Structure formats: C-alpha cells, structure tokens
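Let me begin by presenting the structure, written as structure tokens, before commenting on it.
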Amino acid sequence: MALAAKPKHVAGMAYVRDISEEAQDEDTDKSYKYANDFPPPLEAPFFEPHMMARVEVRGSSFLSPAVTVDVILDNGCPSTVISLKLAQQLGLKQFPLPAEEDNLTSLSKSPLTCKEFVQLEVVSGRGAWRSWEFRAKVNTSLPVPLLLGMPFLSTEYVVLDLRAQTAINKRTGYNLANPNAHRASAVQSDSNQAISVPPPEDYESAERIMAMVRKQIEVLSLEEQLSQKDTMAKATY
Numbered sequence: 001m002a003l004a005a006k007p008k009h010v011a012g013m014a015y016v017r018d019i020s021e022e023a024q025d026e027d028t029d030k031s032y033k034y035a036n037d038f039p040p041p042l043e044a045p046f047f048e049p050h051m052m053a054r055v056e057v058r059g060s061s062f063l064s065p066a067v068t069v070d071v072i073l074d075n076g077c078p079s080t081v082i083s084l085k086l087a088q089q090l091g092l093k094q095f096p097l098p099a100e101e102d103n104l105t106s107l108s109k110s111p112l113t114c115k116e117f118v119q120l121e122v123v124s125g126r127g128a129w130r131s132w133e134f135r136a137k138v139n140t141s142l143p144v145p146l147l148l149g150m151p152f153l154s155t156e157y158v159v160l161d162l163r164a165q166t167a168i169n170k171r172t173g174y175n176l177a178n179p180n181a182h183r184a185s186a187v188q189s190d191s192n193q194a195i196s197v198p199p200p201e202d203y204e205s206a207e208r209i210m211a212m213v214r215k216q217i218e219v220l221s222l223e224e225q226l227s228q229k230d231t232m233a234k235a236t237y
C-alpha cells in the first residue's frame with residue numbers, strides 16, 4: 001500500500017529462456033526452462049487479498065483503552081502506519097516525526113504525509129500473544145486503521161506465508177493471522193534450522209503470567225506516582 005523513497009529494483013522473472021543454439025532450433029514452447037526446475041503454480045490468480053489479523057490495539061500505558069481492529073500485515077511496506085482516527089481514539093500521545101522519515105508514497109506516487117508518530121502495542125488471542133511496544137507513523141488518509149509493515153514484522157519475528165495464509169512468530173510458533181489454528185511445532189530460522197517451540201498450553205500460560213506481571217508493575221508504578229503527588233500537594237497546601 002505504501003512505498004518509501006528508495007532505489008527501485010526490477011523483480012525477477014518466473015522462468016528463464018535457454019538461448020543456446022540447440023534451444024533456438026527447437027520448438028518455441030520447448031525453449032523455456034523453469035527456474036530451479038519448479039514450474040509456476042497452476043491457475044495463478046490475478047488477485048490475492050491482503051493478509052489480515054484481528055488484534056487488540058492499545059497504548060503502552062496500563063490505563064490506555066483497548067480497541068479491537070482488523071489490521072493489515074504487509075511485508076511490502078517499509079513502515080508501520082496508523083490512521084489518525086485510531087490514534088485519537090486510543091488517546092495516544094503524538095510525537096514529532098523526524099523530517100527524513102516523512103518518505104512514504106502510494107502506488108500512484110502521491111505522497112502519504114506523516115508528521116507525527118505514536119507508540120503502541122497489539123495483543124492477539126485474548127492475551128495469548130502480545131507484541132513489544134513499537135512505533136507507527138500517523139497518516140490522516142490511511143484507508144485502514146493500522147498497517148503493520150516490515151519494521152513490525154522483522155522485530156517481532158513474524159513470517160508471512162501467503163499460500164498457507166499464516167503469519168507465524170518464529171520464536172513461539174504463534175499464528176497471528178489465525179490464533180485458533182494449531183500452532184506449528186517447529187519453524188525454520190534464517191539458517192533453515194528448526195527451532196523448537198514450547199507446547200501451546202505452556203506458551204499461553206507463560207504469556208498470560210508475563211502480561212499479568214507487567215500490568216501489576218504498571219499499577220504499582222502509577223500508585224507510587226500518585227502517592228508522591230499527594231505528598232507534594234499536602235506539603236504545599
């Protein structure tokens with residue numbers, strides 16, 4: 001949906017042609033060889049819908065409201081972008097975006113102006129999986145609530161498989177695109193080595209415990225801040 005200002009690269013072809021003299025003498029249909037000996041998929045569609053995930057979006061503060069939205073997982077977008085409407089709905093504090101980061105354009109080459117960014121997190125499966133806090137550029141005309149681009153996918157170790165319609169977290173095997181699906185017992189790392197994944201019940205239990213601990217720490221921190229303000233108010237008045 002969005003592109004950053006960067007050099008363009010020409011995509012590779014699906015198959016390559018053998019231009020040897022022998023091949024030129026053969027029938028035209030036989031002068032093509034499939035790259036890597038794999039034929040193209042049968043009946044390849046003209047259109048493939050975006051990978052979607054239903055998640056809860058909230059600010060990093062414990063008191064931030066949570067909103068359930070359908071987000072786009074896009075490994076072709078070099079930024080993570082949130083709509084101004086959702087940012088305001090969540091009450092997220094907006095920070096000035098560095099000028100060099102205002103570099104997004106649409107497929108029609110029209111600029112997608114971003115002047116601020118916010119910090120937030122997403123939760124899936126009723127707390128079964130929670131992201132780390134991440135930053136998103138704010139855009140006023142974004143047609144979707146939230147677009148989780150390459151920065152989010154890479155830092156969260158999420159790998160998209162468009163054929164299987166999965167978005168697997170490599171560290172846990174959790175399927176962000178379909179939380180109800182059976183979690184993979186092993187996933188492949190960048191070095192093609194299998195990574196063992198804890199059983200789903202152990203993973204869910206650990207995630208929920210960590211979420212509860214995190215919330216309790218935030219509550220205690222807030223109580224301490226309120227106590228300090230109360231002491232200062234009493235000393236002043």
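When you line the sequence shown up against the numbering used here, it's residues 1 to 237, in that order. Cβ coordinates follow ideal geometry from the N, Cα and C atoms, glycine included. Note that the coordinates shown come from a computational prediction; the quantities given were computed from them, not determined experimentally.
Pick from the options that is closest to residue i, judged by C-alpha positions
i	options	result
Asn75	Ala235, Pro151, Pro179	Pro151
Ile217	Val81, Ser61, Pro78, Lys170	Ser61
Pro65	Leu146, Ser83, Gly91	Gly91
Phe95	Leu86, Ile82, Ser79, Phe117	Phe117
Asp102	Ser110, Lys93, Cys114	Cys114
Leu148	Ala99, Val55, Leu97	Val55
Lys85	Leu97, Glu100, Val69	Val69
Glu156	Leu146, Thr166, Thr172, Gln165	Thr172
Beta-carbon proximity of residue i to residue j, cut-off 8 angstroms
i	j	result
Trp129	Leu176	yes
Ser79	Leu104	yes
Arg58	Glu121	yes
Val138	Ile82	yes
Val158	Ile72	no
Leu162	Met51	yes
Val67	Gln89	yes
Three-state class that DSSP yields for residue i in the structure shown
i	result
Glu43	coil
Gln89	helix
Glu48	coil
Thr80	coil
Lys234	helix
Near the ligand PLP: residue i beta-carbon under 7 angstroms from a heavy atom
i	result
Phe95	You won't find the ligand PLP in this model; it holds no ligand whatsoever.
Cross-strand partners of residue i (DSSP beta bridge)
i	result
Glu101	Per DSSP, none; premise fails for Glu101.
Gln286	Residue numbering for the chain in the displayed model covers 1 to 237; residue 286 lies beyond these limits and cannot be assessed.
Glu56	Thr68, Val123
Would you mind listing the alpha helix (DSSP H) stretches within the region 132-174 that are 4+ residues and don't spill past its ends, in chain order?
-> Listed in chain order, they are 150-155.
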